[in-house]
Every structure is written in structure tokens, then in C-alpha cells.
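Trainee: Take 404 as the starting number for the sequence shown in the numbering used here and just add one per residue.
Quick reminder that beta carbons are idealized off the backbone N, C-alpha and C, glycines included.
Owing to the predicted nature of the structure, the values given are computational and were not obtained by experimental measurement.
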Amino acid sequence: MIRLHTSCSTLSIYAFDKISDKSDLRYLVIGWNEFDKVNIDQEKANEIWQDIFNEYIELSDDNKIAMYYATLMEVSQLKARKYTVNKLLDRLVNITDKEMIDAYIFELNKWKFRINKDKPLKDEMVRMYAQLRATNNKINLKEDELKNYKQEGESLSLTEQVVKLENATGRALIDPKTTSVEKWIMIIKNAKVKNKAA
Numbered sequence: 404m405i406r407l408h409t410s411c412s413t414l415s416i417y418a419f420d421k422i423s424d425k426s427d428l429r430y431l432v433i434g435w436n437e438f439d440k441v442n443i444d445q446e447k448a449n450e451i452w453q454d455i456f457n458e459y460i461e462l463s464d465d466n467k468i469a470m471y472y473a474t475l476m477e478v479s480q481l482k483a484r485k486y487t488v489n490k491l492l493d494r495l496v497n498i499t500d501k502e503m504i505d506a507y508i509f510e511l512n513k514w515k516f517r518i519n520k521d522k523p524l525k526d527e528m529v530r531m532y533a534q535l536r537a538t539n540n541k542i543n544l545k546e547d548e549l550k551n552y553k554q555e556g557e558s559l560s561l562t563e564q565v566v567k568l569e570n571a572t573g574r575a576l577i578d579p580k581t582t583s584v585e586k587w588i589m590i591i592k593n594a595k596v597k598n599k600a601a
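So, in C-alpha cells, the structure goes:
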């Protein structure tokens with residue numbers, strides 16, 4: 404059975420950074436390494452990621468970071484939506500069985516792609532693909548927002564952040580793969596307090 408991290412107290416800052424950067428929710432899997440193949444329930448993993456992210460915002464008390472990661476999460480959700488809906492639509496085109504068509508329409512409704520059963524399916528499919536293109540446009544706009552956030556602020560890799568924190572706190576080694584998100588935030592807050600006192 405695959406178990407997932409469910410909070411900032413167990414998820415490493417390394418995994419958090421990878422999920423944030425690549426939208427790869429497999430980093431939520433406890434004990435997973437990048438070399439293993441693993442299949443996860445994307446919908447469940449996305450819900451857990453949202454909860455972890457919300458916890459991160461509460462712990463960090465930083466509105467700019469919160470806005471950046473909220474936009475990042477929205478991009479992640481939009482990409483998952485685009486991927487899933489595209490697959491559903493591509494398969495729906497070739498289905499002739501009414502029950503299967505209804506099942507696919509039901510799944511599409513979950514992703515807010517509503518097909519009107521009173522209209523010809525072919526016409527509705529054209530409308531669905533147009534809606535999918537609109538989703539892609541929204542992804543592009545949100546990715547541009549993310550680029551602006553990165554250009555406005557100091558954009559450091561996780562490794563660069565680790566080195567800066569090690570220097571600021573006097574800690575010899577901070578291992579991002581074993582340091583929880585919660586502990587990472589506390590180290591940053593502690594470093595800020597020390598800098599203000601100095």
C-alpha cells in the first residue's frame with residue numbers, strides 16, 4: 404500500500420521544493436526515490452498537496468510566498484485538469500456505447516467540462532476542445548505570473564538556500580532530504596530573528 408506524507412511535519416523541504424517546481428506529486432509518497440516507478444491517485448494526492456501547502460502558508464506567515472505558491476498550485480491543478488480532460492475527450496470521440504458515453508460525460512463533469520446531452524455530441528466535443536484550449540491559455544497566463552514572481556524576488560535554488568541558511572544559523576549541515584518543511588520554516592524564522600538582533 405502506498406502511503407503519502409500528509410503534513411509539513413513529515414514532508415521534507417526537498418520533496419516540497421520538487422513538487423512546487425515540477426508539480427510531481429509522487430514526491431508525496433513516503434520513502435519514494437526518483438528511480439522507482441510509482442502510480443498514485445492524482446486526485447487524492449492533489450488534495451493532500453493543497454492541505455500541505457495551506458499548512459505551509461500558515462507556518463511561514465509570508466504573503467508574497469503565499470501568493471507565489473497559490474499561483475503555482477493553481478498551475479498544477481490546471482495542468483492536471485488539462486491532461487485528464489484531454490485523455491477523456493480523446494477516448495470519448497471513439498466510443499459508441501451509450502452507457503460508456505454517459506460514464507465519460509460524468510467524469511468530464513467532475514472537471515467542470517459540462518456536455519449538454521440534448522445537443523449533438525459532435526458539436527459538444529468541439530465546444531469541449533475550445534474550453535480545453537482556454538484552459539491552456541489560462542495555464543500560460545499563470546506561468547507568466549510565476550515568472551514575474553521569480554524575477555521580482557531573489558530566485559535561489561534549494562541548494563543555495565541551504566548554504567545561506569547554514570551560514571546564517573551557524574549549523575554545519577542542513578540536509579534538505581531529511582529536514583521537514585515545518586523545521587525548515589522554523590530555521591528560517593530563527594535566522595531572521597538572529598539577523599534582526601545583530
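#1: Have a look at LEU535 and LEU576 and give me their C-alpha separation to the nearest angstrom.
#2: The alpha helix (DSSP H) spanning MET503 covers which residue range?
#3: How should TYR430 be labelled, buried or exposed, when 16 other C-beta atoms within 10 angstroms of its C-beta is the threshold for buried?
#4: Hey, would you say THR474 sits closer than 7 Å to LYS545, going by beta carbons?
#5: Pull up the DSSP beta-bridge partners for VAL432, would you.
#6: For SER583, which of helix, strand or coil comes out of DSSP?
#7: Under a three-way DSSP split, which group does SER415 fall into?
#8: Are three or more beta carbon pairs between the stretch 488–500 and the stretch 517–532 nearer than 8 Å?
#9: If we ignore side chains and look at the alpha-carbon of each, how far apart do VAL488 and ALA506 end up?
#10: Using the beta-carbon count (16 or more within 10 Å), is ALA537 buried or exposed?
#11: Roughly how many angstroms lie between the CA atoms of GLY434 and ASN519, to the nearest whole one?
#12: Under the rule that 16 or more other beta-carbon atoms within 10 Å means buried, what is THR582, buried or exposed?
#13: Do LEU414 and ILE455 have their C-beta atoms closer together than 7 Å?
#14: Look at TYR472 and TYR552 and say whether their C-beta atoms are less than 7 Å apart.
#15: Nearest by alpha-carbon distance to CYS411: which of LEU561, GLU458, ARG484 and TYR417 is it?
#16: Would you call ASN449 buried or exposed, if buried means 16 or more other Cβ atoms sit within 10 Å of its Cβ?
#17: Are the beta-carbon atoms belonging to PRO579 and VAL565 less than 7 Å from one another?
#18: Counting along the chain, where does the alpha helix (DSSP H) carrying ASP454 start and finish?
#19: If you measure between the beta carbons of LEU481 and GLU510, is that distance less than 7 Å?
#20: Give the DSSP-derived three-state secondary structure of LEU492 in the structure shown.
#21: Output the boundary residues of the alpha helix (DSSP H) element that contains VAL566.
Mentor: Answer, in terms of the structure:
#1: 46 Å
#2: 501–513
#3: buried
#4: yes
#5: LEU407
#6: strand
#7: strand
#8: yes
#9: 13 Å
#10: exposed
#11: 44 Å
#12: buried
#13: yes
#14: no
#15: GLU458
#16: buried
#17: yes
#18: 445–463
#19: no
#20: helix
#21: 561–572
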